[in-house]
Amino acid sequence: MKLLRTVIVDDEPLALNLLRAKLAKLSNVEIVGEGKNGREALQKISELEPDLVFLDIEMPGLNGLEVITNLQSDLVPMVIFTTAYEQYALHAFDVHAVDYILKPIDEERISRAVDRALERRDSGEANSAKQDVIGAMGAMGDKKIVIKERDEIILLKQEHIEWVDAAGDYCCLHAEGETHIKRTTLKDLLEELDPEVFKRVHRSTIVNLNFIDKVIPHTKGEYFLLIGEFERIKVSRNYREVIKHFLDS
409 MKLLRTVIVD DEPLALNLLR AKLAKLSNVE IVGEGKNGRE ALQKISELEP
459 DLVFLDIEMP GLNGLEVITN LQSDLVPMVI FTTAYEQYAL HAFDVHAVDY
509 ILKPIDEERI SRAVDRALER RDSGEANSAK QDVIGAMGAM GDKKIVIKER
559 DEIILLKQEH IEWVDAAGDY CCLHAEGETH IKRTTLKDLL EELDPEVFKR
609 VHRSTIVNLN FIDKVIPHTK GEYFLLIGEF ERIKVSRNYR EVIKHFLDS
């Protein structure tokens, strides 16, 4: 049987040790990484791409729910939330988590949760469940865009992104005088961004409407957008209605 590659995350050392010890008794789980907070969880999940993550909800900084919100969409694993607080149960199941375990965690409860994860993986439901998680989490608050740069994870606020240009499977996000490169298609990135603010104006370009300083009509129904002092972005004819609607609003 193929083992479930698993990352475990908890900000309490004793809880992390206990979870590690209990999972070590299961023959179908391989612990490939650990984290002590939300930022480390993002780092480990992005680096290791596990099948499953045991994720504490109540943590300083990014909590467990926010970790899932901020993951790059193609890296979302199956999730089993662990917490001492019952009030998070509804949120956990709203995002289609595999399971939700209240602390203190007992071996039988962990075993059942792992069995559910195995069933989901072996039945082919894991990938569709990932999309359920992504969609549900998108409604739980303002998402940041997660960008992995070398050995760092950058959480880029959407409101700071001025415009985006793409080439193949990579996008360049321009924000506050810096350019961040994210491995994603323009289409997939657009699904992560706020549709009220971010609009596609060219087959390879997205703009944040809040950063448009000037709109300059050009030949054959095209436009140029001025963003800041230096950026001049072309709007193709196929997307001119976006700008017309923006000007009329």
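First residue of the sequence shown? That's 409 in this note's numbering, and the numbers climb one at a time after it.
Heads up, the beta-carbon is just placed ideally off N, CA and C, and yes, glycines get one too.
Asked, Found
"Less than 8 Å between the CB atoms is what I'm expecting for residue 629 and residue 570, so what's the real figure, rounded?", "The Cβ separation is near 24 Å, so there is no contact."
"Any idea what DSSP makes of residue 548, helix, strand or coil?", "Because the pLDDT at residue 548 is just 45, under 50, the model does not fix this residue reliably, and the point stays unresolved."
"With distances taken between CB atoms, is the gap from residue 525 to residue 460 smaller than 8 Å?", "yes"
"I'd like to know whether the C-beta atoms of residue 414 and residue 426 end up nearer to each other than 8 Å.", "no"
"With a threshold of 6 Å on Cβ separation, who are the neighbours of residue 424 within its own chain once the five nearest residues in sequence on each side are excluded?", "418"
"Helix, strand or coil for residue 616? Go by DSSP, reduced to three states.", "strand"
"Just to confirm the assignment, what range does the beta strand (DSSP E) spanning residue 477 have?", "From DSSP, residue 477 is part of no beta strand (DSSP E) but of the alpha helix (DSSP H) over 472-477."
"Would DSSP call residue 653 helix, strand or coil?", "helix"
"At what residues does the alpha helix (DSSP H) containing residue 449 begin and finish?", "446-456"
"Check the DSSP bridge columns for residue 638 and list the partner residues they point to.", "BP columns for residue 638 are empty, so no partner."
"In angstroms, rounded to a whole number, what distance separates the CA positions of residue 639 and residue 507?", "48 Å"
"Please say whether residue 574 and residue 601 have beta carbons closer to each other than 8 Å?", "no"
"Which one of 586, 521, 610, 555 has the shortest CA to CA distance from residue 648?", "610"
"What did DSSP end up calling residue 592 once you bin it into helix, strand or coil?", "coil"
"State the start and end residues of the unbroken beta strand (DSSP E) segment that holds residue 505.", "Residue 505 -> no beta strand (DSSP E), and no H or E assigned at all."
"Report, in whole angstroms, the separation of the C-beta atoms of residue 556 and residue 565, which I expect to be a contact under 8 Å.", "17 Å between Cβ atoms; not a contact."
"Whose C-alpha, out of 518, 605, 469, 645, is nearest the C-alpha of residue 437?", "518"
"Just the Cα atoms here: how many angstroms apart are residue 614 and residue 585?", "17 Å"
"For residue 414, list the residues DSSP reports as bridge partners.", "439, 460"
"Applying the 10 Å Cβ sphere with the 16-neighbour rule, what's the burial state of residue 646?", "exposed"
"Contact defined as beta carbons within less than 8 Å: I believe residue 632 pairs with residue 641. What is the distance between those atoms, to the nearest angstrom?", "7 Å"
"Identify the continuous alpha helix (DSSP H) that holds residue 523 and give its terminal residues.", "515-530"
"Find the nearest neighbour of residue 433 within the set 485, 514, 470, 652, judged by alpha-carbon distance.", "514"
"Please state if the CB of residue 563 and the CB of residue 478 are separated by a distance shorter than 8 Å.", "yes"
"Relative to the C-alpha of residue 447, which residue among 439, 655, 465 is closest?", "465"
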